[in-house]
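In terms of the working numbering, the sequence shown is residues 996 to 1135.
The structure under discussion appears below in the form of structure tokens.
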Amino acid sequence: MNFEDFINFKMFITTTFMKIIYVIGAILITLGSLLLMVGFSMPYAYGLSIGAGGILAGLALLIFGNLGWRLLCEAIIVVFSIHDRLVSIDSKLGSGSNPAAPTPAPAQPQQPQGKFCNNCGAKVSPETKFCSNCGTPVSQ
Ligand SMILES: [Zn+2]
């Protein structure tokens, strides 16, 4: 069991964990909304307006609560799946033992248009090692 397996295993556990959390949350939201509907409508069975309000609130919680909870869990799972994908891309690119594979450094277009002598300030060509004006060695 190497490090990569450990990472995959961990991510798998996390995604599964989120699914369990989602199911538990959805059940709780559904139960809560049902209790809200029943609890509001039962004592006020004769008061139609209050009971209807409770049922509407329960329905709203049932629909929007589950919808919002679903979206939240999906967003979290998407974050984890992106991480999974990055890990798999890393393992494909590199040897796997180096997750933080260094990206190839972009070619630095550092073409010195001209260097100047440290001593006299005269412009010297990049190839020369000594200043053509005063003879001071030019630091490369
Ligand atoms: Zn010089």
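Each residue gets a CB set at the ideal place from its N, CA and C atoms; glycine is no exception.
* For Ser1120, does the count of other Cβ atoms within 10 angstroms reach 16, so buried, or fall short, so exposed? -> exposed
* Asked: How about Thr1131: is its Cβ closer than 7 Å to a heavy atom in ligand 1?
  -> yes
* Asked: Assuming Ile1072 contacts Met1013 under a Cβ cut-off of 8 Å, what Cβ separation, rounded to an integer in Å, is found between them?
  -> Yes, they are in contact, since the Cβ atoms of Ile1072 and Met1013 sit about 5 Å apart, within 8 Å.
* To do: Note the first and the last residue of the continuous alpha helix (DSSP H) segment covering Cys1068.
  => Asn1061 to Leu1088
* Asked: Straight-line CA distance for Gly1053 to Thr1010?
  -> 30 Å
* **Cut-off 7 Å between Cβ atoms - residues of its own chain near Asn1061, not counting five sequence neighbours on either side** => Hits under 7 Å: Ala1021, Ile1024 and Thr1025.
* **Nearest-angstrom Cα separation, counted from Cys1068 out to Tyr1017** => 6 Å
* Does any heavy atom of ligand 3 sit closer than 7 Å to the C-beta of Gly1130? -> Among the ligands modelled here, namely ligand 1, ligand 3 does not occur.
* Go through its chain and collect everything with a Cβ distance to Asn1128's Cβ below 6 Å, but skip five positions before and after it. => Cys1115 and Ala1117
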